[in-house]
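When the letters of the sequence shown are read in order and numbered with my numbering, they come out as residues 3 to 710. Positions of the beta carbon are idealized from the N, C-alpha and C atoms, including for glycine.
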Amino acid sequence: MFLGLVQEDIVNASMNSLQRSTILLVSTVVFCIAAFLISLVVQKSSTNLRKKDTEILYRDELFQKLSMNVDDVFLMMDAKTYQADYVSPNVENLLGITVEQIRKDACILGKLHPVEHEDPEKNYLEEIRVHEQREWDFEYVHLKTGEKRWFHNIAMCCEINGKKKYILVMSDRTADWKMNQALSEAVHEAETANRAKSTFLSNMSHDIRTPMNAIIGFTTLAVSNIDNENKVRDYLRKILSSSNHLLSLINDILDMSRIESGKLHMEETEVSLSEVLHDLKTIISGQIHAKQLDLYMDAMDVTNEEVYCDKMRLNQVLLNLLSNAIKFTPAGGTVSVRLKQYPGNVRGTALYEIRVKDNGIGMSQEFVQNIFSPFERERTSTVSRTQGTGLGMAITKNIVDMMGGTIEVQTEQGKGTEFIVCLPLRIQPKHHPIQKITELEGLKALVVDDDFNTCDSVTKMLVKVGMRSEWTLSGKEAILRAQQSTELGDAFHAYIIDWRLPDMNGIEVTRQIRSLGDDTPIIILTAYDWSDIEAEARAAGVTAFCTKPLFMSDLRENLLEAIGQKQAGTEKLILPAEGSDFKGKSILLVEDNELNSEIAVEILNAYGFQVDTAENGAEAVEKVKNSTPGKYDLVLMDVQMPVMNGYEATKLIRALDEPALAGITILAMTANAFDEDRMRARECGMDGFLSKPIVIEELIGTLRNNLV
């Protein structure tokens, strides 16, 4: 009713306005709802993207961490441009190339093809087809360290988004390669050692039989010619020589066995180097004379003769080297030994250099490479006649190493060989520095020797004891100087002259000096046994003799004696005369071997002993137990015997109730001369130790120390 009162156009306008407002409101609401919905969708999508990005970053970081701790390099590169899409960060550690360098130019890796590939200039990756995989090994030099490394490559070709890609995995196999190489070398060394031992056994079969045949043969001849004393004596000498040679072969084998099992030990004692070299000279003099060789021994700048070392092992080293020098030097050749002292690196020590030189046949360079390996011997026609175990040099090298020293060899085939041994040895603290001798101070001496080193060494020693010294290399020059010194009123107080001079021997020089009316003491230096020339030399006017090598102790003693300043003294006898010290002494000999027992009884009887015998440890215990105190002065006890061994027998004797019987001196006799055997002997109560085969001098010396 009311609408009819309003004009139609006004109503229409109002309706249109209302319609527009409604549409606008609805549109706004719809837009807001749509915007809200869109924002929700976008927010969810962003959240998902962030999650994916985080996951991708996590996975990328995880892969980076993993790749840094593996020995594999991962690369992905474009097949056309060779631009690297991905390079694992561990590439710098394994190859010495940075990631940036490879991204800039992947060709820096070089041609990654196997060494045996027929065309090294060809890119090996180009041959790989899509979905194909290839593997190969190659060597690579680390660009930073220069170390050669070995890699195993796996390469494959694939398509990613329509693009051809190469995926390369480079695995570092250096550790595996080195292990395989070490195993291969170990197998080779084992095979070489087995061959060497087989050869050694073959050689030893011959080398042991040779002296054994000689012993058996000459023994048979001695029995057949028992009435011919001269022949028997000659046969026995040859039997003794063959026996000693056989013993040396056996000792070498035992020593090498002890070295390989780690049972060879050094036992340091007080040692005089002067005594060592003089004793060595005595031992080899027979071989030198038999082969008609010249032997030269000298000591240079040795101010500390008294040292600590294992004397037996030092002797063994020097004897091995000298025996080889003699063995491989033909008749008329020369063998020399030179000892020189240098300052030690540690306080209280000195470095001693020993040179053993010969002008013999020398050695091939091939053999020199293995000279210190066990079971090795030079295999040439020149030395095929020479026998030995092939262990001497290996033993020598091991002993020198155990003494903290070094050994070198210089050789040339046809010209000779020189071994150089350097040993750091402790100096005995009681050995005082060399002091001047009041009686000799200011006196003048002339040294005459054709070897400059000897002249220089002796001159230095003379100066250290306070003397004035001159030297000359000529006998004729020595005579001239003697004459001039007398005329000038500054005469010599002593002459030290070498026996063998090139222009005139020492005895003739002595005659000439004596013809001048000079009665000055004259000491003859000689590297040989001077007993053969003593009568002639004394007649010519020689005052005293001194054996090379000349040490300070030798020089002091000879100078004081020659000039008449040495106080008289009594010399200690090393061994008693037969029967002199042991009359009335009684020994119980415990030995299961009848022949060994017979030999020992004969020797002991010859020195005045009364000898009772027992065949095993049980019998020995009974004899000692049932004896009266004092019946036996000493027991010589073999170690390895049937029924009861020497160790058990000794323990039972020590457990006897009678103190005088339980405390009897017991000396062990055994062929097992190892340190552990000595220790076992001491632990069970034995007082001493004798090695078999028994050496008479050692036996009597030990008995004398225990009984006299």
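Alpha-carbon to alpha-carbon, residue j and residue i
| i | j | result |
| --- | --- | --- |
| Lys694 | Asp451 | 44 Å |
| Ile515 | Phe494 | 11 Å |
| Thr221 | Lys283 | 30 Å |
| Asp87 | Asp178 | 30 Å |
| Asn707 | Pro661 | 22 Å |
| Val697 | Thr704 | 11 Å |
| Val711 | Thr474 | Outside the shown range of the chain, which is 3 to 710, sits residue 711, and nothing can be said about it. |
| Phe330 | Ser487 | 47 Å |
| Val101 | Gln183 | 32 Å |
| Gln430 | Pro551 | 21 Å |
| Val623 | Glu685 | 18 Å |
| Val75 | His190 | 34 Å |
| Val626 | Leu557 | 52 Å |
| Asp534 | Val467 | 31 Å |
| Asn322 | Glu277 | 18 Å |
| Asp73 | Cys160 | 24 Å |
| Ala224 | Leu248 | 19 Å |
| Gly519 | Lys293 | 41 Å |
| Asp500 | Glu559 | 18 Å |
| Glu441 | Val348 | 35 Å |
| Arg105 | Ser186 | 40 Å |
| Leu320 | Arg239 | 25 Å |
| Gly610 | Asn317 | 33 Å |
| Leu591 | Arg540 | 48 Å |
| Ile666 | Glu593 | 18 Å |
| Leu692 | Thr672 | 7 Å |
| Val89 | Glu149 | 22 Å |
| Ala480 | Thr336 | 26 Å |
| Lys585 | Thr461 | 51 Å |
| Ala192 | Ser375 | 13 Å |
| Arg136 | Ile169 | 11 Å |
| Ala396 | Asn372 | 9 Å |
| Val423 | Leu561 | 31 Å |
| Thr83 | Glu410 | 60 Å |
Buried/exposed call for residue i, threshold 16 Cβ in 10 Å
| i | result |
| --- | --- |
| Glu368 | exposed |
| Arg151 | buried |
| Lys166 | exposed |
| Val309 | buried |
| Ser244 | buried |
| Glu269 | exposed |
| Met214 | exposed |
| Arg235 | exposed |
| Asp640 | buried |
| Asp107 | exposed |
| Asp505 | exposed |
| Asp174 | buried |
| Ile356 | buried |
| Gly164 | exposed |
Short Cβ contact (7 Å threshold) for residue i with residue j
| i | j | result |
| --- | --- | --- |
| Thr545 | Ala564 | yes |
| Arg315 | Ile401 | yes |
| Lys587 | Leu709 | yes |
| Ile526 | Gly543 | no |
| Lys438 | Arg470 | no |
| Leu425 | Tyr354 | yes |
| Met172 | Asn155 | yes |
| Leu638 | Leu658 | no |
| Leu636 | Ile605 | no |
| Glu420 | Lys359 | yes |
| Phe547 | Trp532 | yes |
| Gly364 | Lys399 | no |
| Ile241 | Ile217 | yes |
| Met681 | Thr652 | no |
Bridge partners - residue i, DSSP secondary structure assignment
| i | result |
| --- | --- |
| Tyr237 | DSSP, once it has assigned bridges, lists no residue as partnering Tyr237. |
| Met639 | Val592, Ala670 |
| His154 | Asp139, Ser173 |
| Ala447 | Ser471, Ala496 |
| Tyr88 | Met78 |
| Arg428 | Tyr310, Thr351 |
| Lys342 | Met302, Glu355 |
Q: Taking 8 Å as the threshold, find out whether the segment 292-301 comes into contact with the segment 337-355 through three or more Cβ pairs.
A: Taking one beta carbon from each stretch, the segment 292-301 and the segment 337-355 have 3 or more pairs nearer than 8 Å; the two touch.
(Q) Taking contact to mean 3 or more Cβ pairs, one atom from each stretch, closer than 8 Å, check whether the segment 90-110 and the segment 131-145 are in contact. (A) Yes, they touch.
Q. With a cut-off of 8 Å, do at least 3 Cβ pairs link the segment 402-409 to the segment 324-334?
A. The segment 402-409 vs the segment 324-334: no contact.
Q. Would you say the segment 639-650 touches the segment 605-624, given that touching needs at least three Cβ pairs under 8 Å?
A. By the criterion of at least three beta-carbon pairs nearer than 8 Å, the segment 639-650 is in contact with the segment 605-624.
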